[in-house]
Amino acid sequence: PSTFSLSFNKAEDLRYGENPHQAAAFYKEAGSSPSGMAAIQKLHGKELSFNNILDLYAAVDIAYGFTTPAVALIKHNNPSGVATDKDLAKAYKAAWQCDSLSAFGGIIGLNRPVDAKTAALIQKSGFMECVIAPAFDKGALEILTQKKNLRLVTLDPRLFVKDRYDVKKVPGGMLLQETDLKEISFSDLKVVTKKRPTKAQIASMLFGWKVVKAVKSNAVLLTKGEKTVGIGMGLTSRVDSAILAIRKAGKLSQGACLASDAFLPKPDTVILAAKAGVSAIIQTGGSISDGEVIKEADKRGLVMVFTGARHFRH
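Positions 1153 to 1466 (this note's numbering) are the ones given, in order, by the sequence shown.
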């Protein structure tokens, strides 16, 4: 649009901004029914901070994007673990086990009402800031309200509607772009290696691609089935993000699938992945070095697919 106007009304003062010395407030869009983060309801715990709201959004942005029961654990706006399972408690356990050290003190997002079984696992996880879900059953509330400072927040999935535009303020102006709503399916994948993926690898790679979209660039992660086992994020070199993801996965890198939010500029990530036991790679493709990267994948017996899409996140 040639002109773009925003109008917001102050909803509440927040405890503080990103740091205690920064004042902060939450504003809701003027003239519209509450939706998105303006529609959250706090059931229990102390007041929300600026960081809490950002991380709560990151949690539901991932978890509510799945149709199957899903759990996303968030720390500093990045996922520390994500998993889906027909059993919500099992999904929580898998997400927590991805990186329990980083998950400590974070935000938990679930796309199903929290039951007592899942609440008991959350209770045993130690200190966590917030839990957000569509609802909490009576048994879950009895367990989780024992922690007086734990914020329990609900958000009706029907009210979680993403904005058409993504806006970022810079001094003297504003950047506006369409929100990244790009999704891919099996039909969008281009198999570029001699070895073709199995059905299980396809499912795991598509899961990884859906999650890596929500990770700060450069982003590389490893998946086993529909759970993350290692996430590397926010580093200025892609190979360093791969090293971090592989280190966090440890022995679970054996047979795992690797997802990269952009193309692999060199074969180095392929070499590292193969040595760690990774079996398949999903990436954007389109590098001038694609030929070398594919050749290395073939040499090491890996599956590689291109998506033709990129998911930088800043």
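All residues carry an ideal CB built from backbone N, CA and C; glycine is no exception. Source: prediction; values computed, not measured.
Residue i: first and last residue of the uninterrupted beta strand (DSSP E) it sits in
{"i": "Met1326", "result": "1325-1330"}
{"i": "Lys1347", "result": "Looking at the DSSP string, Lys1347 is not in any beta strand (DSSP E), and its letter there is neither H nor E."}
{"i": "Tyr1179", "result": "1177-1181"}
{"i": "Gln1193", "result": "1193-1196"}
{"i": "Val1313", "result": "Run containing Val1313: none; DSSP gives neither H nor E here."}
{"i": "Phe1160", "result": "1160-1165"}
{"i": "Ser1154", "result": "Per DSSP, Ser1154 belongs to no beta strand (DSSP E) and is neither H nor E."}
{"i": "Lys1321", "result": "1317-1322"}
Collapsed DSSP secondary structure at residue i in the structure displayed
{"i": "Asn1204", "result": "helix"}
{"i": "Ser1366", "result": "It is worth fixing the name first, because residue 1366 is Ala in this sequence and not Ser. Coil, per DSSP."}
{"i": "Gly1438", "result": "coil"}
{"i": "Val1212", "result": "helix"}
{"i": "Gln1298", "result": "coil"}
{"i": "Phe1288", "result": "strand"}
{"i": "Lys1334", "result": "coil"}
{"i": "Met1456", "result": "strand"}
{"i": "Gly1261", "result": "strand"}
{"i": "Tyr1244", "result": "helix"}
{"i": "Pro1231", "result": "strand"}
{"i": "Gly1382", "result": "strand"}
{"i": "Asp1340", "result": "helix"}
{"i": "Ala1190", "result": "helix"}
{"i": "Ser1412", "result": "strand"}
{"i": "Leu1404", "result": "helix"}
Opening and closing residue of the alpha helix (DSSP H) in which residue i lies
{"i": "Val1445", "result": "1442-1451"}
{"i": "Ile1398", "result": "1390-1401"}
{"i": "Thr1421", "result": "1420-1428"}
{"i": "Thr1270", "result": "1268-1276"}
{"i": "Ala1255", "result": "1252-1255"}
Nearest-angstrom Cβ-Cβ length linking residue i and residue j, presumed shorter than 8 Å
{"i": "Tyr1317", "j": "Gln1298", "result": "Actually they are not in contact, since the Cβ atoms of Tyr1317 and Gln1298 sit about 42 Å apart, beyond 8 Å."}
{"i": "Glu1448", "j": "Pro1419", "result": "4 Å"}
{"i": "Ala1268", "j": "Ala1292", "result": "5 Å"}
{"i": "Ala1241", "j": "Ala1224", "result": "Not quite, the Cβ-Cβ distance comes to about 15 Å (not below 8 Å), so this is no contact."}
{"i": "Thr1436", "j": "Ala1394", "result": "Between Ala1394 and Thr1436 the Cβ distance is about 14 Å, and since that is not below 8 Å, they are no contact."}
{"i": "Val1343", "j": "Val1457", "result": "5 Å"}
{"i": "Lys1334", "j": "Ala1461", "result": "5 Å"}
{"i": "Ser1232", "j": "Asp1207", "result": "About 11 Å separates the two Cβ atoms, so there is no contact after all."}
{"i": "Ala1397", "j": "Leu1373", "result": "5 Å"}
{"i": "Lys1194", "j": "Val1305", "result": "5 Å"}
Per-residue burial, residue i [other beta carbons within 10 Å of its own, 16 or more giving buried]
{"i": "Ala1163", "result": "exposed"}
{"i": "Gly1197", "result": "buried"}
{"i": "Ile1440", "result": "exposed"}
{"i": "Val1322", "result": "exposed"}
{"i": "Met1326", "result": "exposed"}
{"i": "Phe1160", "result": "exposed"}
{"i": "Lys1403", "result": "exposed"}
{"i": "Arg1390", "result": "buried"}
{"i": "His1463", "result": "buried"}
Beta carbon proximity, residue i to chain C, threshold 8 Å
{"i": "Lys1299", "result": "Among the chains in the structure shown there is no chain C, since it carries only a single protein chain."}
Problem - Touching by the beta-carbon criterion (3+ pairs, under 8 Å), the stretch 1360-1367 and the stretch 1407-1427 - result: Contact between the stretch 1360-1367 and the stretch 1407-1427 is present: 3 or more CB-CB pairs across the two stretches fall below 8 Å.
Practice task
Decide if the stretch 1277-1284 is in contact with the stretch 1258-1265; the criterion is three or more beta carbon pairs, one per stretch, under 8 Å apart.
Solution key: For the pair of segments examined, the stretch 1277-1284 was found to touch the stretch 1258-1265: the number of CB pairs separated by less than 8 Å reaches three.
Handout entry: Segment contact, 8 Å Cβ cut-off, at least three pairs: the stretch 1373-1388 with the stretch 1235-1248
Key = Contact between the stretch 1373-1388 and the stretch 1235-1248 is present: 3 or more CB-CB pairs across the two stretches fall below 8 Å.
Exercise for the section: Examine the Cβ distances between the stretch 1183-1202 and the stretch 1213-1225 and report whether three or more of them are shorter than 8 Å. Expected result: Verdict: no, contact absent.
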